[in-house]
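First up is the structure itself, then whatever we jot down about it.
Number of protein chains: 2
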Amino acid sequence: MTKPLFKRIALIGIGLIGSSISHAVRRAGLAADIVGHARTAATRDTALRIGLITEAFATAADAVRGADLVVLCAPVGACGALAAEIGPHLAAGAIVTDVGSVKGAIVRDCAPHLPAGVHFIPGHPIAGTEHSGPESGFAELFDGRWCILTPPSGSDPTAVDKLTALWLGMGAKVEIMDAEHHDLVLAITSHVPHLIAYTIVNTAAHLGRVTDSEVIKYSAGGFRDFTRIAASDPTMWRDVFLNNKEATLEMLGRFSEDLAELQRAIRFGDGDTLFKLFSDARQIRRGIIQAGQDTSAPDFGRQKAKS
Amino acid sequence: MTKPLFKRIALIGIGLIGSSISHAVRRAGLAADIVGHARTAATRDTALRIGLITEAFATAADAVRGADLVVLCAPVGACGALAAEIGPHLAAGAIVTDVGSVKGAIVRDCAPHLPAGVHFIPGHPIAGTEHSGPESGFAELFDGRWCILTPPSGSDPTAVDKLTALWLGMGAKVEIMDAEHHDLVLAITSHVPHLIAYTIVNTAAHLGRVTDSEVIKYSAGGFRDFTRIAASDPTMWRDVFLNNKEATLEMLGRFSEDLAELQRAIRFGDGDTLFKLFSDARQIRRGIIQAGQDTSAPDFGRQKAKS
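These protein sequence lines map, in sequence, to chains A and B.
The working numbering applies: residue 1 is where the first sequence begins, and numbers increase by one.
The working numbering applies: residue 1001 is where the second sequence begins, and numbers increase by one.
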């Protein structure tokens, strides 16, 4: 047995990502011990019962004591207050990271509360499902997915390497970039797609001339794929949009311009423009499959729910 | 052995839907014989080689002779010309149907060319994948999915019942509605979602500040689900939008209004509005899973492509 990478990992928040980290860390033997904090007693009980953590703490401050790695697995909007709470209780030399979908705001909200001698290296695994809670996690969630780390300039290279090794050990691939660029990239690859999905699901739900029942029955024509994204955790996503406002609004503006162009092509019966734009989109899809970020198995034809 | 429902089915067009019909008809023994027409010799050869049809015809006119069921499996924009071609060659009492995603335009374009004594009953199976061509079909494509039939008023009930029995035999569920309502329902459940997906994929592909390579690498955050829809056949979708213009533009207008509302909420930091809209969207998702139109298996966490 080689020595585990970390002695004691403290998970602050034990939902989909926190529980998946526990599974993936244990699968690869990356930590001697995993403890955690969750706000509700029900989540703490579940996390202990299914073996995600060995000790559950009612406060984040208690959970981080003696940990050499602290992972904030909470909605982006909650991380500043958590950093303020745990700051005085962190072990010297500890690494603090997070898993939030926005990085600029995390640095702004957390960094001021973390003492010198603690290594703060924000992170974001690009992985997830539409499910929430401590029982939704699984060890394979990060396999083959990218985790972006955004170490502030002047970060200790050894600490960055150690956190990189953790994510690699959990099956992920690791990329380093600055927080601002991360937020721009994620605005287009994740935040705006989610906003659009939430929007069309709500549009469909409020049509007088088409019933909810019809929308549900005939959703296999494309709509259901939007509902899957739109089933993601509302608190997490509210915080994403409140904290990545500028990049999201910029990308939304571009999307609206492009949609107007297609709308005009439909209005004026311009089939050539439609055909060209639709053909171009196929190329991007091929790139995603070649990069291993999706499978080419036909998905619209997926089987009925077993229920 | 009971007698098959049809003696001779002629498939006009042998792509994803045509080939899936062949598989599903043969699975249930619904026809004594299946013949077909495809525009290209390559498709005809493939269809014969993999046993989708017993005879391949270079013209639609030749393919329909002696058929008691003709299924137009071509893009919506091609159906009018096909109806004109086959009209004089149809057997008396034959049923002619189609599988197009738009129904009003099909009636407008096809009905004038079909002789008295032929039963024209437009249809639309709400099923598909992002793949195209004669080798992309499979027998299970229609299992548990809805097929909408839009018989014009005055249609022969026996012919409608027979076509209904065919779709039930292929595993689908059948609903009858008028063509105009079909086009409105599909505009929101299928046509606008596809247009939005095509749009955002193209938006992402033309960003100076985020590279295509970054979009592809980090697509697991939601974007890849849009690319899957946007990989659908460009010709088919061009024809859908050209032929369901009014309903698509109406639904797009509503979508844009709703998107503007969310955009404003982001701009002004209105977290309550965001949270409420995101929570509402979850309800629709639950309805779709309960109705058996999707599974609740976590999909964002799907495994890497094997390739």
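We put the CB at the ideal spot given by N, CA and C, even for glycine.
If you're wondering where the values come from, they're calculated on a predicted model, not measured in any experiment.
Of the residues the options, which one's Cα is nearest the Cα of residue i?
i, options, result
"B:E1140", "B:G1171, B:D1225, B:L1149", "B:G1171"
"A:R264", "B:E1246, B:T1150, B:I1050", "B:E1246"
"A:T54", "A:D45, A:R39, A:V35, A:V71", "A:V35"
"B:D1183", "B:G1093, B:T1043, B:L1048, B:V1107", "B:V1107"
"B:L1005", "B:L1114, B:A1042, B:A1159, B:T1295", "B:A1159"
"B:I1121", "B:T1043, B:I1017, B:M1177", "B:M1177"
"B:A1067", "B:I1050, B:K1003, B:G1137, B:I1086", "B:I1086"
"B:D1143", "B:I1196, B:V1174, B:H1194", "B:V1174"
"A:L274", "B:N1243, B:M1251, B:V1064", "B:N1243"
"B:I1229", "B:N1202, B:A1116, B:S1022", "B:N1202"
"B:G973", "B:L1277, B:A1056, B:P1134, B:T1129", "Nothing about residue 973 of chain B can be read from this structure; chain B reaches only from 1001 to 1307."
"A:L114", "A:G100, A:A94, A:E180", "A:A94"
"A:T43", "A:A32, A:D33, A:T59, A:A31", "A:T59"
"A:F255", "B:R1224, B:A1197, B:T1248", "B:A1197"
"B:Q1283", "A:R224, A:A92, A:G292, A:R209", "A:R224"
"B:M1251", "A:T199, A:A231, A:G253", "A:T199"
"B:L1082", "B:G1104, B:D1109, B:H1206", "B:D1109"
"A:V64", "A:T40, A:D33, A:A47, A:A41", "A:D33"
"B:G1123", "B:V1070, B:G1269, B:A1031", "B:V1070"
"B:A1204", "B:P1193, B:G1100, B:T1189, B:F1226", "B:F1226"
"B:I1188", "A:A220, A:S296, A:A179", "A:A220"
"B:G1271", "A:P234, A:V96, A:S101", "A:P234"
"A:G51", "A:G18, A:P112, A:E130", "A:G18"
"B:L1011", "B:T1002, B:P1088, B:A1056", "B:A1056"
DSSP three-state label for residue i, please.
i, result
"A:E55", "strand"
"A:F120", "strand"
"A:F6", "strand"
"A:E135", "coil"
"A:S20", "helix"
"B:V1185", "helix"
"A:P115", "coil"
"A:K173", "strand"
"B:V1096", "strand"
"A:D33", "strand"
"A:F300", "Residue placement at A:F300 is flagged as unreliable, the pLDDT there being 46, under the threshold of 50; a coordinate-derived value is accordingly withheld."
"B:L1090", "coil"
"A:I12", "strand"
"A:D156", "coil"
"A:A165", "helix"
"A:K306", "Low confidence applies to A:K306: its pLDDT is 31, below 50, so where it sits in the model is not reliable, and the reading given next is rough at best. If DSSP states are grouped into helix, strand and coil, A:K306 belongs with coil."
"B:D1294", "coil"
"B:D1225", "helix"
"A:F255", "helix"
"A:F329", "Outside the displayed span of chain A (1 to 307) sits residue 329 of chain A, for which this structure offers no information."
Could you spell out where the alpha helix (DSSP H) holding residue i opens and where it closes?
i, result
"B:D1234", "Here the sequence assigns Pro to residue 1234 of chain B, which means Asp is not the residue at that position. Element bounds for B:P1234: 1234 to 1243."
"A:H308", "Absent from the model: residue 308 of chain A. The displayed extent of chain A is 1 to 307, so no value can be given."
"B:T1273", "1271 to 1290"
"A:I86", "79 to 86"
"B:I1216", "1212 to 1217"
"A:G128", "Per DSSP, A:G128 belongs to no alpha helix (DSSP H) and is neither H nor E."
"A:A60", "60 to 64"
"A:R108", "104 to 110"
"A:R209", "Counting along the chain, A:R209 falls outside any alpha helix (DSSP H), and DSSP gives it neither H nor E."
What residue range is occupied by the uninterrupted beta strand (DSSP E) comprising residue i?
i, result
"A:T46", "Looking at the DSSP string, A:T46 is not in any beta strand (DSSP E); the run it does join, the alpha helix (DSSP H), is 41 to 49."
"B:C1147", "1146 to 1149"
"B:V1070", "1069 to 1072"
Closest Cβ-Cβ distance between residue i and chain E: below 7 Å?
i, result
"B:I1050", "This model lacks chain E altogether; the protein chains it does include are A and B."
Indicate whether the contact test is met: 3 or more Cβ pairs, each with one atom in the stretch 232 to 247 of chain A and one in the stretch 73 to 80 of chain A, closer than 8 Å. Three or more Cβ pairs closer than 8 Å define a contact, and the stretch 232 to 247 of chain A meets that threshold against the stretch 73 to 80 of chain A.
Using Cβ-Cβ distances below 9 Å, what residues of the stretch 1188 to 1199 of chain B are close to chain A? For the stretch 1188 to 1199 of chain B, which is checked against every Cβ of chain A, the residues closer than 9 Å are I1188, T1189, S1190, H1191, V1192, P1193, H1194, L1195, I1196, A1197, Y1198, T1199.
For the stretch 1056 to 1089 of chain B, list every residue whose C-beta sits within 9 Å of some C-beta in chain A, in sequence order. Listed by position along the chain: G1077.
Can you give me, in chain order, the residues of the stretch 123 to 138 of chain A that have a beta carbon less than 8 Å from any beta carbon in chain B? Taking 8 Å as the Cβ-Cβ cut-off against chain B, the residues of the stretch 123 to 138 of chain A that qualify are I126, A127, G128, T129, E130, H131, S136, F138.
Cβ contact check for the stretch 1147 to 1155 of chain B and the stretch 1014 to 1030 of chain B: 3 or more pairs under 8 Å: Contact fails: fewer than three Cβ-Cβ distances are below 8 Å.
Give a yes or no on contact between the stretch 286 to 294 of chain A and the stretch 1212 to 1222 of chain B, applying the rule of three or more CB pairs nearer than 8 Å. Contact between the stretch 286 to 294 of chain A and the stretch 1212 to 1222 of chain B is present: 3 or more CB-CB pairs across the two stretches fall below 8 Å.
Evaluate contact between the stretch 251 to 265 of chain A and the stretch 155 to 173 of chain A, counting only Cβ atoms and requiring at least three cross-stretch pairs below 8 Å. The answer is no - the stretch 155 to 173 of chain A does not touch the stretch 251 to 265 of chain A, with fewer than three Cβ pairs under 8 Å.
Report the residues of the stretch 1242 to 1255 of chain B with a CB closer than 7 Å to any CB of chain A, ordered along the chain. So the list reads L1242, K1245, T1248, L1249, L1252, R1254, F1255, given in the order they occur along the chain.
If you measure beta-carbon to beta-carbon, which residues of the stretch 1140 to 1152 of chain B are closer than 8 Å to chain A? Flagged, chain order: E1140, L1141, D1143, G1144, R1145, W1146, I1148.
So if I threshold CB-CB distances at 9 Å, which residues from the stretch 1099 to 1110 of chain B count as touching chain A? Result list: S1101.
Taking beta-carbon pairs under 7 Å, can you tell me which members of the stretch 1171 to 1190 of chain B lie near chain A? The stretch 1171 to 1190 of chain B vs chain A, Cβ under 7 Å: L1184, V1185, L1186, I1188, T1189, S1190.
Tell me which residues of the stretch 213 to 228 of chain A have at least one Cβ-Cβ distance to chain B shorter than 7 Å, keeping chain order. Those residues of the stretch 213 to 228 of chain A placed with their C-beta closer than 7 Å to a C-beta in chain B are E214, V215, I216, K217, Y218, S219, A220, G221, G222, F223, R224, D225, F226, T227, R228, ordered along the chain.
So if I threshold CB-CB distances at 7 Å, which residues from the stretch 1007 to 1036 of chain B count as touching chain A? Considering only beta carbons, no part of the stretch 1007 to 1036 of chain B lies closer than 7 Å to chain A.
Tell me which residues of the stretch 1257 to 1279 of chain B have at least one Cβ-Cβ distance to chain A shorter than 7 Å, keeping chain order. Shown in chain order are the members of the stretch 1257 to 1279 of chain B whose Cβ falls below 7 Å from a Cβ of chain A: D1258, L1259, L1262, Q1263, I1266, R1267, G1269, G1271, L1274, F1275, L1277, F1278, S1279.
Listed in chain order, which residues of the stretch 150 to 169 of chain A have Cβ atoms closer than 9 Å to some Cβ of chain B? Within the stretch 150 to 169 of chain A, no residue has a Cβ that lies closer than 9 Å to any Cβ of chain B.
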